[in-house]
Amino acid sequence: MENMDIAPLVLTGGAILSEDIGSYPSGIIIPVDKPYRWTSADVIRKIKFAAVRHFGKKNLKVGHAGTLDPLATGILLVCIGKATKLAEILQSHDKEYIAGITFGATTPSYDREKEIDRFFPYSHITAEAVEQTAASFTGEQEQIAPLFSAKSVEGVRAYEIARKMMKQNGGEGIDETAAALVRSSRIRIDSIELLDFIPPAAPGTCMTQENSSVTLSAEQGKDAKINVTDNSALGLPKAILRINCSKGTYIRALARDLGEALGSGAHLDSLQRSRSGDFRIRDALSLEEVLDILKK
Numbered sequence: 009m010e011n012m013d014i015a016p017l018v019l020t021g022g023a024i025l026s027e028d029i030g031s032y033p034s035g036i037i038i039p040v041d042k043p044y045r046w047t048s049a050d051v052i053r054k055i056k057f058a059a060v061r062h063f064g065k066k067n068l069k070v071g072h073a074g075t076l077d078p079l080a081t082g083i084l085l086v087c088i089g090k091a092t093k094l095a096e097i098l099q100s101h102d103k104e105y106i107a108g109i110t111f112g113a114t115t116p117s118y119d120r121e122k123e124i125d126r127f128f129p130y131s132h133i134t135a136e137a138v139e140q141t142a143a144s145f146t147g148e149q150e151q152i153a154p155l156f157s158a159k160s161v162e163g164v165r166a167y168e169i170a171r172k173m174m175k176q177n178g179g180e181g182i183d184e185t186a187a188a189l190v191r192s193s194r195i196r197i198d199s200i201e202l203l204d205f206i207p208p209a210a211p212g213t214c215m216t217q218e219n220s221s222v223t224l225s226a227e228q229g230k231d232a233k234i235n236v237t238d239n240s241a242l243g244l245p246k247a248i249l250r251i252n253c254s255k256g257t258y259i260r261a262l263a264r265d266l267g268e269a270l271g272s273g274a275h276l277d278s279l280q281r282s283r284s285g286d287f288r289i290r291d292a293l294s295l296e297e298v299l300d301i302l303k304k
């Protein structure tokens, strides 16, 4: 980390903060457990509003060290004051994720934000097959980022390009030209551990869009910005994986690639960032806890 006489304060549960930001000359780092279906920017706006009121400083700097997808939960490092200078360093640290990957179907976003677009055979997918194939993804490699991502392409976020293209095409998908805008990047996967495997509810070969029962989940609120599809009724096989990897690794892209390697299709069903550098999920504060501390 940057050389500082005093390390940044790492906020913990039940902490009491001074109302003088000058009491924290190196700033404050808050490990937040990002709420499901919140964007990272949503979290920053909420905390910044509360922090500005708490410290009475309008131009207070608040940022995060590494975007987390809206449909993911887990460690989001929020930096306040001079700790924002450490955001790039904190972001560069290795990560750990707990990912749920559903096989036998794909979506345009590689997760549950978009509805299923294609079905694939899945009766051949077993715990052993997943474990053996996942092991082949360890090590350094090139990964093509999802078009629906926060990656910047010539100054524009890839997800902004993707959603614009979807709108222009009437929601019918994205052409190859648009997909080519997202470049590959060098990543490293240190380990992939199979934690659990849920077999299909019934023997399956290949489903079709006509016999699927995909609907928008009831958890979608009227003010929600992010859609969530509910594919649970399809009874597709699912693996729960623990993944240790370098920064910049897209777990949605790994789900896509793992499905292809198994001769099927796959999409990310759930995701938690359980570690970012030395910060672990057990030490993270809920957004409600953070806001409560900033009210004191």
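Okay, so the sequence shown: first residue is 9 according to this note's numbering, each after it adds one. Just so you know, even glycine gets a beta-carbon here, dropped at the ideal spot from N, CA and C.
When only Cα atoms are considered, residue 139 and residue 93 end up about 40 Å apart. Between the region 115-134 and the region 266-278 there are three or more C-beta pairs closer than 8 Å, enough to call the two in contact. In the DSSP assignment, residue 98 falls within the alpha helix (DSSP H) that extends over 95-99. The DSSP-derived three-state label of residue 298 is helix. Residue 265 carries a helical assignment under DSSP once its states are collapsed to helix, strand and coil. Where residue 247 is concerned, the enclosing beta strand (DSSP E) starts and stops at 246-253. In the DSSP assignment, residue 134 falls outside any alpha helix (DSSP H), carrying neither H nor E. Straight-line measurement puts the Cα of residue 34 at about 43 Å from the Cα of residue 237. Here residue 106 is not near residue 239, since their CB atoms are 8 Å or more apart. According to the DSSP secondary-structure assignment, residue 198 is paired through a beta bridge with no residue. Taking a cut-off of 8 Å on C-beta distances, the region 286-303 does not touch the region 107-116, as fewer than three cross pairs fall below it. Taking the Cα of residue 77 as reference, the smallest distance to any Cα among 235, 23 and 147 is reached at 235.
Inter-segment contact for the region 18-34 and the region 197-209 is absent: fewer than three beta-carbon pairs are separated by less than 8 Å. Rounded to whole angstroms, residue 32 and residue 144 show a C-alpha spacing of 46 Å. Looking at the DSSP output, residue 29 sits in no beta bridge, so it has no partner there. Sorting 133, 25, 45 and 120 by C-alpha distance to the C-alpha of residue 58 places 25 at the top.
With respect to residue 53, residue 277 sits apart: the two C-beta atoms are not nearer than 8 Å. Under the three-state reduction of DSSP output, residue 38 falls in the strand class. Rounded to the nearest whole angstrom, the C-alpha separation of residue 243 and residue 49 is 34 Å. Taking the Cα of residue 134 as reference, the smallest distance to any Cα among 246, 154 and 257 is reached at 246. Residue 140 is bridged by DSSP to nothing; it lacks a bridge partner.
DSSP places residue 48 in the uninterrupted alpha helix (DSSP H) bounded by 48-63. According to DSSP, residue 111 shares a beta bridge with 274. Looking at the backbone, the Cα of residue 297 and that of residue 260 are separated by about 29 Å. Taking residue 122 as reference, the option from 55, 142 and 154 with the minimal CA-CA separation is 154. Boundaries of the beta strand (DSSP E) harbouring residue 86: 81-88, taken from the DSSP string.
Between residue 282 and the set 81, 100, 23 and 45, the nearest pair of CA atoms involves 81.
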